[in-house]
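In my numbering, the protein residues as written are 15 to 174.
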């Protein structure tokens, strides 16, 4: 999944299950890896693995940036009716949801970090779902289900 969907899902789970910042952050972090394990679509729809930096693929950049902005706006719109404390918990859960991808971007671009954090880079890469035959229907349906579930969670009145 791309960053916006991870932010939305991390935020929604934090709103639903967390009452403090640490558990919200950890919930976002764990949800990122669980969502990455499930069939989903992201930059795997392109032919190469590293289409943002090595290939400088403008389509990948447009997709990544527009998806993030869209889901970030959607998340903040859905959070607007919650009290400020719950909004902070949701944002921290969302940050936990996108942090693994941010760390991977940083770790793989700086040589000494790449060596020091190679265990995490390898874990993230090997744990991640791989789209093998370019059949996008099932990954699309799985990803859409979890995004709609996250929207439903943030649309409900959470009785805090």
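Where a beta carbon is used, it is the ideal one built from N, C-alpha and C, also for glycine.
*Between the stretch 23–30 and the stretch 104–119, do three or more beta carbon pairs fall short of 8 Å?*
yes
_Nearest candidate by alpha-carbon position, reference residue 110, set 89, 119, 36 and 15_ = 36
*Near residue 16, what residues of its chain come up, given a Cβ to Cβ distance below 7 Å and the 5 sequence neighbours on each side ignored?*
56, 78, 81 and 82
*Measuring from the CB of residue 156, is there a heavy atom of the ligand ATP at a distance below 6 Å?*
With respect to the ligand ATP, the structure offers nothing, as it holds no ligand at all.
*Between which two residues does the alpha helix (DSSP H) containing residue 15 stretch?*
Where residue 15 is concerned, there is no enclosing alpha helix (DSSP H), given that its DSSP letter is neither H nor E.
_Proximal residues to residue 118 (C-beta, below 7 Å), its chain only, five neighbours per side dropped_ = 135 and 138
*asked:* Below 8 Å, how does it come out for the stretch 41–54 and the stretch 140–156: are there three or more Cβ pairs, yes or no?
replied: yes
*Where does the unbroken alpha helix (DSSP H) through residue 50 begin, and where does it stop?*
35–51
*Going along the chain, which residues of its own chain have a beta-carbon closer than 8 Å to the beta-carbon of residue 95, five neighbours each way excluded?*
none
_Assuming residue 126 is part of the alpha helix (DSSP H), what are its boundary residues?_
125–130
*From residue 34 to residue 164, what distance separates their C-alpha atoms?*
19 Å
_With distance defined between alpha-carbon atoms, name the residue in 92, 41, 19 and 44 nearest to residue 170._
92
*Give the single residue among 130, 32 and 44 whose Cα lies nearest to the Cα of residue 20.*
44
*Give the secondary structure of residue 103 by DSSP, where H, G and I count as helix, E and B as strand, and everything else as coil.*
helix
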